[in-house]
Structure formats: C-alpha cells, structure tokens
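Residue numbers (our numbering): 205 to 344.
Remarks on the structure that follows.
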DNA sequence: GCCAACGTTGGC
DNA sequence: GCCAACGTTGGC
C-alpha cells in the first residue's frame, strides 16, 4: 500500500467536512496541477493519506483512504483533469504540525517540508511511520 | 497582507 | 523551444 498527503484549506473544506461525508467520501476535485494529478493516477483503492490543513493550523490532522480510484474531475469539462475520492478513516491521536515536521530530522526529505505548494503529495513508508509515532507521542 | 516560490501561459 | 510575464499558493 502506498501513502499520500492531501492538502486542504479548512476554511473551504476541512477534516470535519470529510468526516461528515461518512463512508461515501468526497470527490477530491479542483486539482489543476499535473504533478498532483499524476499522484492521484497512481493511487489504488485503500491507499492511505494524511489529511493536512494549510493556512489555518498548518498541521496533519487525520488519516483518509482512497475509496474510488482515478476518474474524470466532475468540476470541469477539461479531460486533462482527473481525481480520486477519499474518505475519513480516523483522526490522528494528536495533530502533527508543520513546525514539528520541519525540526524532525527523519522528515527532512518530506515533500511537505520542501515543496509545501504541491497539493497532493507522496509520503514514504518511513515518513508515514514517523508521523504515526509523532501523532501518538506527547511532544513534551 | 506581503511576498517568495512555483507552475503555466504565450509571444517570439 | 526559450523565457518573460503573470497568477496562485501558502508560510510568515
């Protein structure tokens, strides 16, 4: 299974909104970036992703999973744009902030740390494990 | 609210 | 096919 990271602006559509969608999930539409789209093309049913809040919070708050593989983006007629559907799995024990990720040496290669603008990012197995650890550990 | 970084567009 | 101009994103 592969791991990913989905960025959202919580003012527009946040973790609580995804949870409210229940098992049906949400079409992750509106992505207009080739790299992000290519990442979605590579996703398989059941792949897991971190749900990240940009601007407000700047933290990873929950775990989502791919519940529909790539299909045309229904928000546009442009056939270039495709997307997946995701649904909420569970919140993280505690959010992991961008600041925490930046100072964690094992996350120095993380896309979020180095190219925060990419809206759908790959996460390596080891990065995933570190985030899981941090989300369950009291930082103090 | 500013601005740096990045991606895309379009003129040549 | 290059590159300047522009628009957008997102951290600060």
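For every residue, glycine included, the Cβ atom is placed at its ideal position computed from N, Cα and C.
Predicted model only: the values in this text are computed from it and were never measured.
With a CB to CB cut of under 6 Å and the five nearest residues on each side skipped, what residues in its chain are close to residue i?
i           : result
residue 207 : 252, 327, 332
residue 213 : 258, 259
residue 219 : 255, 265, 266
residue 295 : 266
residue 229 : 271, 289, 290, 291
Note down the Cα distance separating residue i from residue j, rounded to an integer number of angstroms.
i           : j           : result
residue 259 : residue 215 : 9 Å
residue 211 : residue 325 : 8 Å
residue 317 : residue 338 : 16 Å
residue 222 : residue 272 : 15 Å
residue 302 : residue 281 : 35 Å
residue 227 : residue 340 : 24 Å
residue 335 : residue 283 : 35 Å
residue 287 : residue 224 : 20 Å
residue 319 : residue 261 : 18 Å
residue 298 : residue 330 : 19 Å
residue 237 : residue 205 : 24 Å
residue 209 : residue 300 : 13 Å
With DSSP as the reference, label residue i as helix, strand or coil.
i           : result
residue 292 : strand
residue 337 : helix
residue 320 : coil
residue 331 : helix
residue 208 : strand
residue 216 : coil
residue 246 : coil
residue 260 : coil
residue 283 : coil
residue 297 : strand
Whose C-beta lies closer than 8 Å to the C-beta of residue i among residues of the same chain, with five residues either side of it excluded?
i           : result
residue 278 : 231, 233
residue 269 : 250, 251, 252, 253, 290, 291, 293
residue 245 : 274, 286
residue 235 : 241, 244, 277, 285, 287, 323, 324
residue 217 : 230
Report back the beta-carbon spacing between residue i and residue j to the nearest angstrom; my notes put them in contact at under 8 Å.
i           : j           : result
residue 264 : residue 254 : 5 Å
Cutting at 7 Å between CB atoms, please list the residues of its own chain near residue i, excluding the five before and the five after it.
i           : result
residue 240 : 322, 323, 324
residue 305 : 311, 314, 316, 317
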